[in-house]
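>
Chains as they are written, first to last, in the working numbering: chain A, -9 to 315; chain B, 421 to 770.
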């Protein structure tokens, strides 16, 4: 990774962070009337993925999908409008924060039920294979999803039919407030277990973005070439509460030493500290970067505020596609 | 035209659909096995190859999600489940993905998927191989739920389901598979959401579906002989329901009975009676009757199934009651067929 690439990694991560912080800041006003699962702290993996995949590759995601959507290049304006429940939103206000889509960049949808989008992603990957595309499908999931049957069924089917699927597991150790030690046996590592299912599997160390990028690139290109699916696990830390704009550490479900340590290892912070020594006047560069992103965010929020709510009366009463009324 | 079986009709529809749309894929557990799902998938893999016709892992939920993903990638699919009951493992993908995707992402992508669900009836099927859950499925906006009652409809409605831009569930009653009827080999589409009037009568509207329609058609000569003129409507689609067709008939006859092979509470029969009562109240001369299966699981034993399968005479009495008529004479039915098979030649295990 050269200097420019590192700056670009930082810029993309910062953009996600600032968007999420803006949502957290504005949320108490009550204009965004849907649950939000913010990605602050979890920006690294989707950003690395964005550096080594193309628009042609497909992606599906989870309830905590903001970072995945933005890193894939999803429209910021349509995203904020969706949170505001407006007709200009990426799902016309029908989905909210947990149902994001931008077909222009092949972000094919994020869904709210744990494990739900995994089989759909495998189906999309199978479709790409049958059509003869060179695309891979990026399937984001969390550590909770590997406790769902759909995950195993999907890995198995992808392996048996050789579907170019990349399962991307962000392990933040918590399913809402339940620690992984309550949910999975001691000593088991998710990536080790998945290797036993007969696909490529790799653990990425979030404190080493440079190495992680190389590993990620290799594994994705291997899948593209061999059509053997891959699994990637990365350790990560969710800064804010499971759902909502605030911190929830007063609840005491995470040990304070763990929190302090994780925040010290925040990948965004670490990369910034590294760039101080690499880039002349990094503070100024960073300030300029922040200003441009903030402007973009302001435009998106204005767009959302100025858009109309959907009018169900104009849309008819049928839930069916292709219906006349 | 020669008489051909319902199985042949389903098989013909699958061949026609695969020929017409080179994107269409067919899969399901056992579709390429030696029995070929009671013969309904015969000849497909030989003609269309392993890429388009394939056996799957025993993963009902994920295979339904794969159907959704394929549909979003522009590839429609038809999947077969040998028993509806196993498909209950797929409720997340059916309800949260297939039924919702088009709506919840702002109508950007339709989800053209077709799912055949075979309802196992007959001896020994028991509590978890015999369930008819069309009322459940019909409760979910965004799903179409149909049940062809004869070979011609089996062909034409299966083709219509495959062409439909929505998820469509086809409920195939196992007792219909050997039934005979006329149909040709042309690519002809039925219309989903329309009742078919099978007998034009003035005394009472009889709404029925699937195997019960076939059964009632068989009883109609006797009913006529007993001096009752019934209008038998074959429902064909549980979602959407052809309300106009039902209301028009009830307004003509002034009375209604609905037969349903699902459990009574929360049934499609109950829904039809509720809607007719709301919309045709002043036309009704008699209280409507719903005739459905007891709210008990089906026990496996021959003893238990007596209560789960309808007797001809009970059905006829109920129709007369709904019509507000009394029977002119006692019905004499000398059927020796056991209650748990459609005919003497229907042998288990199935």
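Glycine included, C-beta positions come from ideal geometry on N, C-alpha and C. Just so we're clear, the structure is a prediction, and the values are computed from it rather than from any experiment.
Would you tell me roughly how many angstroms separate the C-alpha atoms of residue 6 of chain A and residue 30 of chain A, rounded to the nearest one?
Along the first chain, read from residue 1 onward, the residue named residue 6 of chain A stands at position 16. Along the first chain, read from residue 1 onward, the residue named residue 30 of chain A stands at position 40. Taking the straight line joining both Cα atoms gives about 8 Å.
> What is the residue span of the alpha helix (DSSP H) that residue 485 of chain B lies within?
In the second chain, counting from the first residue as 1, residue 485 of chain B sits at position 65. Where residue 485 of chain B is concerned, the enclosing alpha helix (DSSP H) stretches over 480 to 492.
> Give every residue of the same chain whose Cβ lies closer than 6 Å to the Cβ of residue 494 of chain B, excluding the five residues on either side of it in the sequence, and list them in chain order.
Here residue 494 of chain B corresponds to residue number 74 of the second chain, with the count starting at 1. Closer than 6 Å at Cβ, skipping near neighbours: no residue.
> What first and last residue would you give for the beta strand (DSSP E) that runs through residue 515 of chain B?
As a first step, residue 515 of chain B is located in the second chain; it is residue number 95 there, counting from the start. That residue, residue 515 of chain B, is in no beta strand (DSSP E); it is neither H nor E in DSSP.
> Can you tell me where the alpha helix (DSSP H) with residue 438 of chain B in it begins and where it stops?
Residue 438 of chain B sits at position 18 when you count from the first residue of the second chain. First-last of the alpha helix (DSSP H) with residue 438 of chain B: 426 to 440.
> Report the residue from B:602, B:684 and B:708 whose alpha carbon sits nearest the alpha carbon of residue 695 of chain B.
Position 275 of the second chain, counting from 1, holds the residue named residue 695 of chain B. Of the listed residues, the one whose Cα sits closest to residue 695 of chain B is B:708.
> For residue 36 of chain A, I'd like the list of residues in its chain whose CB is within less than 7 Å of its CB, leaving aside the five on either flank, ordered along the chain.
Working through the first chain from its first residue, we reach residue 36 of chain A at position 46. So the list reads 57, 58 and 61, once near-sequence residues are dropped.
> In chain B, which residues lie with their C-beta within 7 Å of the C-beta of residue 98 of chain A?
One-based indexing of the first chain puts residue 98 of chain A at position 108. Going along chain B in sequence order, the residues near residue 98 of chain A (Cβ under 7 Å) are 492.
> Quick one: give me the first and last residue of the beta strand (DSSP E) that residue 130 of chain A is part of.
Taking the first chain and counting its residues from 1, one reaches residue 130 of chain A at position 140. Note, residue 130 of chain A: beta strand (DSSP E), 127 to 132.
> Kindly indicate if chain A contains any beta-carbon less than 7 Å away from that of residue 585 of chain B.
Translated into the one-based positions of the second chain, residue 585 of chain B becomes position 165. Closer than 7 Å to some Cβ of chain A, the Cβ of residue 585 of chain B qualifies, so yes.
> Runs of 4 residues minimum, wholly inside the region 670 to 752 of chain B: which ones carry the alpha helix (DSSP H) assignment?
688 to 700, 722 to 725 and 732 to 743
> Can you list the residues of chain A that residue 481 of chain B reaches, using a CB-CB cut of under 8 Å?
For the purposes of this step, residue 481 of chain B is identified with residue 61 of the second chain, where counting begins at 1. Correct list: 109, 139, 140 and 143.
> Could you tell me the distance, in whole angstroms, from the CA atom of residue 665 of chain B to the CA atom of residue 698 of chain B?
Sequence index remark: in the second chain, residue 665 of chain B carries index 245 (1-based). Sequence index remark: in the second chain, residue 698 of chain B carries index 278 (1-based). Using only the alpha carbons, I get a separation of about 15 Å.
> Strictly under 7 Å for the Cβ-Cβ distance: is residue 517 of chain B near chain A by that measure?
Counted from its first residue, the second chain places residue 517 of chain B at position 97. Judged by the 7 Å Cβ criterion, residue 517 of chain B is in contact with chain A.
> Around the Cβ of residue 460 of chain B, are there at least 16 other Cβ atoms within 10 angstroms (buried) or fewer (exposed)?
Taking the first residue of the second chain as position 1, residue 460 of chain B is located at position 40. Buried, since its Cβ has 16 or more Cβ neighbours within 10 Å.
> In whole angstroms, give me the CA-to-CA distance for residue 801 of chain B and residue 677 of chain B.
Because chain B here runs from 421 to 770, residue 801 of chain B falls outside it and cannot be looked at.
> Which same chain residues, not among the five before or five after residue 749 of chain B, have their C-beta less than 8 Å away from its C-beta?
What you label residue 749 of chain B is simply residue 329 of the second chain in a count that begins at 1. 646.
> Are the region 637 to 651 of chain B and the region 510 to 520 of chain B touching, with three or more C-beta to C-beta distances below 8 Å?
no
> Does the pairing of the region 110 to 117 of chain A with the region 482 to 498 of chain B give three or more beta-carbon distances under 8 Å?
yes
> Do residue 466 of chain B and residue 506 of chain B come within 7 Å of each other at the CB atom, strictly closer than that value?
Residue mapping note: residue 506 of chain B aligns to position 86 of the second chain, counting from 1. Residue mapping note: residue 466 of chain B aligns to position 46 of the second chain, counting from 1. Result no, Cβ atoms of residue 506 of chain B and residue 466 of chain B do not sit closer than 7 Å.
> Taking 7 Å as the CB-CB cut-off, is residue 310 of chain A touching chain B?
As a first step, residue 310 of chain A is located in the first chain; it is residue number 320 there, counting from the start. By this cut-off, residue 310 of chain A is an interface position.
> What are the boundary residues of the beta strand (DSSP E) that includes residue 625 of chain B?
For this step, residue 625 of chain B is matched to residue 205 along the second chain. 624 to 628 is the extent of the beta strand (DSSP E) around residue 625 of chain B.
> Assign residue 282 of chain A to one of two classes, buried (16 or more other C-beta atoms within 10 Å of its C-beta) or exposed (fewer than that).
Position 292 of the first chain, counted from the start, is the residue given in the question as residue 282 of chain A. Label assigned to residue 282 of chain A: exposed.
> Starting from the beta carbon of residue 471 of chain B, find every residue of chain A whose beta carbon is closer than 9 Å, and list them in chain order.
Numbered from 1 along the second chain, position 51 holds the residue referred to as residue 471 of chain B. Neighbours of residue 471 of chain B on chain A, chain order: 120.
> Establish whether the CB of residue 396 of chain B and some CB of chain A are separated by less than 7 Å.
Because chain B here runs from 421 to 770, residue 396 of chain B falls outside it and cannot be looked at.
> Taking the runs of the beta strand (DSSP E) that are 3 residues or longer, which of them lie wholly in the region 88 to 132 of chain A?
The region 88 to 132 of chain A contains these whole beta strand (DSSP E) runs: 97 to 100 and 127 to 132.
> Would you tell me roughly how many angstroms separate the C-alpha atoms of residue 606 of chain B and residue 575 of chain B, rounded to the nearest one?
Sequence index remark: in the second chain, residue 606 of chain B carries index 186 (1-based). Sequence index remark: in the second chain, residue 575 of chain B carries index 155 (1-based). Roughly 10 Å between the two C-alpha positions.
> Can you grab the Cα-Cα spacing for the pair residue 146 of chain A / residue 476 of chain B, in whole Å?
The residue you call residue 146 of chain A lines up with position 156 of the first chain. The residue you call residue 476 of chain B lines up with position 56 of the second chain. If you draw a straight line from the Cα of residue 146 of chain A to the Cα of residue 476 of chain B, it is about 10 Å long.
> Note down the Cα distance separating residue 543 of chain B from residue 530 of chain B, rounded to an integer number of angstroms.
Reading the second chain from its first residue, position 123 is the one you call residue 543 of chain B. Reading the second chain from its first residue, position 110 is the one you call residue 530 of chain B. Their backbone Cα atoms lie some 40 Å apart in a straight line.
> Rounded to the nearest angstrom, how far is the Cβ of residue 577 of chain B from that of residue 568 of chain B, given a contact under 8 Å?
The count along the second chain starts at 1 and reaches residue 577 of chain B at position 157. The count along the second chain starts at 1 and reaches residue 568 of chain B at position 148. With a contact defined as Cβ atoms closer than 8 Å, residue 577 of chain B and residue 568 of chain B qualify at about 5 Å.
> Going by DSSP, what residue range makes up the beta strand (DSSP E) through residue 49 of chain A?
Sequence index remark: in the first chain, residue 49 of chain A carries index 59 (1-based). Taken as a continuous stretch (DSSP letters only), the beta strand (DSSP E) holding residue 49 of chain A covers 48 to 51.
> Got a sec: which bits of the region 561 to 576 of chain B sit with their beta carbon under 8 Å from any beta carbon on chain A, in order along the chain?
Taking 8 Å as the Cβ-Cβ cut-off against chain A, the residues of the region 561 to 576 of chain B that qualify are 561, 562 and 564.
> Using a Cβ-Cβ distance under 7 Å, would residue 60 of chain A count as near chain B?
Residue mapping note: residue 60 of chain A aligns to position 70 of the first chain, counting from 1. Cβ-Cβ to chain B under 7 Å: no for residue 60 of chain A.
> Quick one: what's residue 192 of chain A bridged to in DSSP?
As a working mapping, residue 192 of chain A is identified with position 202 in the first chain. Paired residue(s): A:222.
> Tell me the DSSP secondary structure of residue 658 of chain B in three-state form.
If you number the second chain from 1, residue 658 of chain B lands on position 238. In the structure shown, residue 658 of chain B sits in a strand (DSSP, three-state: E or B).
> Step through the CB atoms of chain D and report whether any lies within less than 7 Å of the CB of residue 87 of chain A.
The structure shown contains no chain D; the protein chains it does contain are A and B.
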